[in-house]
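Student: Just so you know, the working numbering puts 267 at position 263 of the sequence shown, and the rest follows in order with no gaps.
Even glycine gets a Cβ: it sits at the ideal position worked out from N, Cα and C.
Attaching a single structure in structure tokens format; questions to follow.
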Amino acid sequence: MDRLKLLATKLLRDSHCDAVAVGLLDFNNHTFHCFEVMEGDIDSHTEGIYFDLASLTKPLTNSFVHIANNINDPKLELLLNHRAGLPSWGLLSTSNWKEQLLSYPIKESETNYSDFSANRYMLEVEKQLDQSYPDIVYKNFAGQIYNWLTLPESKVVLQNGYYVGKANFGKVHDPNAYNIKEFMSHAGLFGTIESVCRALVEFDKEYDLLGKMDIPSPYRFFNGFDTVANPDSTLAGAGCGPHTFGHLGFTGTSFWIDPSKKVGHVILTNSTKYHWFSKKELNQFRRELGEKVWADQT
5 MDRLKLLATK LLRDSHCDAV AVGLLDFNNH TFHCFEVMEG DIDSHTEGIY
55 FDLASLTKPL TNSFVHIANN INDPKLELLL NHRAGLPSWG LLSTSNWKEQ
105 LLSYPIKESE TNYSDFSANR YMLEVEKQLD QSYPDIVYKN FAGQIYNWLT
155 LPESKVVLQN GYYVGKANFG KVHDPNAYNI KEFMSHAGLF GTIESVCRAL
205 VEFDKEYDLL GKMDIPSPYR FFNGFDTVAN PDSTLAGAGC GPHTFGHLGF
255 TGTSFWIDPS KKVGHVILTN STKYHWFSKK ELNQFRRELG EKVWADQT
């Protein structure tokens, strides 16, 4: 932990982040350890900091729902794994965004990482299970993870970019989620390092997540999780096993889990405090931290 705190403190010093939170996941015992390093007047808070989880929303909603409900539908699996032929991104209409997403034909394609595909999955599952998606999703959370629209004002949040010239605090960084202002499964969740760690270990305890992921897949995405293409250069950190899975979030968040080692790590930051285009220090931190975590298990 001390070595990892030194790495996190270096990232805090070298980047625009206000805070860095790190969690270590132990799936043998279904426990976790986590810490935050921060600067400025936010260090007086008594609760954990709530970070915009960005695209970590996708596995925490869609992947959890898919596994927990034992969904076995080839078209839904194409949507879940970004192989359904939908565009990767675009501005959605605020009034008929659902109709817009439902208008695309589902046809097997090469992998094309797609926010549209993630939200189409949500709409199709709502129809199939005949429940509202938030009701389906929140059954799987063991901690205090909120959609940004229901995040209590009392929670400590950090700046993530700007909206109409004003610093953005507590509003989702993603433009479609912000403009539509409804629950969406591609972005919009906020959580603390503790709540994200707890959600992952408790979900494995309940549904054998690692057992379901410790399987070879010919595709990049498997059960909605990203996988490691090159273990030597991955942002998950060199030294992880071939079935390591997780996800990255645009705001500077990530988690990776090695099912063979039965450990994982979570990183939460607000690296998009001022802008989105400089993540050199963050990606170096991701690699160095992951490498240390995996090496400790050899």
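(1) If Tyr125 sits next to Leu162, beta carbons under 8 Å apart, how far is it from one beta carbon to the other, in whole angstroms?
(2) Would you check if there are 3 or more beta carbon pairs closer than 8 Å linking the segment 144 to 157 to the segment 250 to 267?
(3) Anyone know if the C-beta pair for Thr61 and Gly253 falls short of 9 Å?
(4) Would you say Asn144 and Ala191 are within 9 Å of each other, going by their C-beta atoms?
(5) Using a 10 Å radius around the Cβ and a threshold of 16 neighbouring Cβ atoms, would you call Tyr54 buried or exposed?
(6) So what does DSSP say about Ile140, is it helix, strand or coil?
(7) With a threshold of 7 Å on Cβ separation, who are the neighbours of Ser136 within its own chain once the five nearest residues in sequence on each side are excluded?
(8) Taking the alpha carbon of Val160 as the reference point, which residue from Ala181, Gly195, Tyr167 and Asp178 has its own alpha carbon closest?
(9) Quick one: measure Cβ to Cβ for Arg291 and Ala233, integer angstroms, because I've assumed they're closer than 8 Å.
(10) Within 8 Å, do at least three Cβ pairs link the segment 23 to 35 to the segment 217 to 235?
(11) May I ask which residues mark the beginning and end of the alpha helix (DSSP H) holding Phe289?
(12) According to DSSP, what are the bridge partners of Ile2?
(13) Kindly indicate which three-state DSSP category Tyr211 falls into: helix, strand or coil?
(14) Would you give the residue range spanned by the beta strand (DSSP E) that Val176 belongs to?
(15) Out of curiosity, what's the CA-to-CA distance linking Gly268 and Gln301?
(16) In the DSSP assignment, what residue or residues form a beta bridge with Gly195?
(17) Specify the secondary structure class of Asp6 as computed by DSSP and reduced to three states.
(18) Which residue or residues does DSSP assign as beta-bridge partners of Thr231?
(19) Look at the alpha carbon of Gln288 and the alpha carbon of His37, and state the distance between them as a whole number of angstroms.
(20) Would you check if the segment 224 to 231 and the segment 166 to 186 touch, i.e. whether three or more CB-CB distances between them fall below 8 Å?
(21) With distance defined between alpha-carbon atoms, name the residue in Ile140, Lys102 and Ser282 nearest to Asn180.
(22) Cβ atoms of Val270 and Val200: under 9 Å apart, would you say?
(23) Along the chain, where does the beta strand (DSSP E) that runs through Val69 open and close?
(24) Determine the direct distance from the alpha carbon of Ala58 to that of Asp178, and round the result to whole angstroms.
(25) Determine, using beta carbons only, whether Leu8 and Val297 come nearer to each other than 9 Å.
(26) Tell me whether Cys38 sits in a helix, a strand or coil according to DSSP, three-state version.
(27) Using the beta-carbon count (16 or more within 10 Å), is Ala171 buried or exposed?
(28) Quick one: is the Cβ of Val232 within less than 8 Å of any heavy atom of the ligand ATP?
(29) Quick check on Gln148: does DSSP put it in helix, strand or coil?
(30) Using only the alpha-carbon positions, how far apart do Tyr142 and His20 sit?
Tutor: In this structure, then:
(1) Not confirmed; about 29 Å, so no contact.
(2) Here the segment 144 to 157 does not lie against the segment 250 to 267, with fewer than 3 beta-carbon pairs under 8 Å apart.
(3) Annotated as proximal: Thr61 and Gly253, with beta-carbon spacing under 9 Å.
(4) Inclusion of Asn144 and Ala191 in the CB contact set at 9 Å is not warranted, their separation being larger than that value.
(5) The residue in question, Tyr54, is buried, as its Cβ has 16 or more Cβ neighbours within 10 Å.
(6) Here Ile140 sits in helix by DSSP.
(7) In chain order, Glu130 place their CB closer than 7 Å to the CB of Ser136, counting only its own chain and leaving out the 5 sequence neighbours on each side.
(8) Among Ala181, Gly195, Tyr167 and Asp178, the Cα nearest to that of Val160 belongs to Gly195.
(9) Between the beta-carbon of Arg291 and that of Ala233 there is about 14 Å, and that puts the pair past the 8 Å contact cut.
(10) Of all C-beta pairs linking the segment 217 to 235 to the segment 23 to 35, fewer than three are shorter than 8 Å, placing the two stretches out of contact.
(11) Phe289 -> alpha helix (DSSP H) spans Lys284 to Ala299.
(12) Past the boundaries of the shown model lies residue 2; the chain is included only from 5 to 302, so the question cannot be answered.
(13) DSSP places Tyr211 within a helical segment (H, G or I) once states are collapsed to three.
(14) For Val176, there is no enclosing beta strand (DSSP E), as DSSP gives it neither H nor E.
(15) Our two residues, Gly268 and Gln301, have alpha carbons roughly 10 Å apart in a direct line.
(16) For Gly195, which the question treats as bridged, DSSP gives the partners Phe55.
(17) Helix.
(18) Under DSSP, Thr231 takes part in a beta bridge, and its partners are Phe249.
(19) Each residue's alpha carbon lies about 22 Å from the other.
(20) Judged by Cβ distances under 8 Å, the segment 166 to 186 makes no contact with the segment 224 to 231, as fewer than three pairs qualify.
(21) Closest by C-alpha distance to Asn180, out of Ile140, Lys102 and Ser282, is Lys102.
(22) In this structure, Val270 lies closer than 9 Å to Val200 by Cβ.
(23) No beta strand (DSSP E) contains Val69, which is instead part of the alpha helix (DSSP H) from Phe68 to Ala72.
(24) Looking at the two C-alpha atoms, the distance is approximately 7 Å.
(25) Less than 9 Å separates the beta-carbon of Leu8 from that of Val297.
(26) It is a strand residue.
(27) Ala171 is exposed by the Cβ-count criterion.
(28) Ligands in the displayed structure: none, and consequently the ligand ATP is not present.
(29) In the structure shown, the three-state DSSP call for Gln148 is coil.
(30) Looking at the two C-alpha atoms, the distance is approximately 32 Å.
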